[in-house]
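For the sequence shown, the working numbering assigns the number 43 to the initial residue and increments by one for each residue that follows.
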Amino acid sequence: MKKQKLNYRFHNPNTAEVTADYILKVFIEVNAKKVDRVMQEVAERNMEEDKHEEK
């Protein structure tokens with residue numbers, strides 16, 4: 043029996059700019075916790091380095 047290849051087509055009524063903006067907002071929301079965690083780690087590291095420089 044021959045397997046039939048599936049083809050998917052999506053209709054997107056939005057412009058490319060609107061679609062890109064939406065995808066960007068989704069990526070920002072998904073990665074917000076990761077970015078916050080990394081920024082907190084960097085801030086803590088900088089504070090530790092500042093304490094060592096003061097001595």
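Ideal Cβ placement from N, Cα and C applies to all residues, glycine included.
Once DSSP output is grouped into helix, strand and coil, what is the label at residue i?
i, result
"K44", "coil"
"Y64", "helix"
"N56", "coil"
"N88", "helix"
"N49", "coil"
Among the residues of its own chain, which have a CB less than 8 Å from the CB of residue i, if the five just before and after it don't count?
i, result
"N54", "T61"
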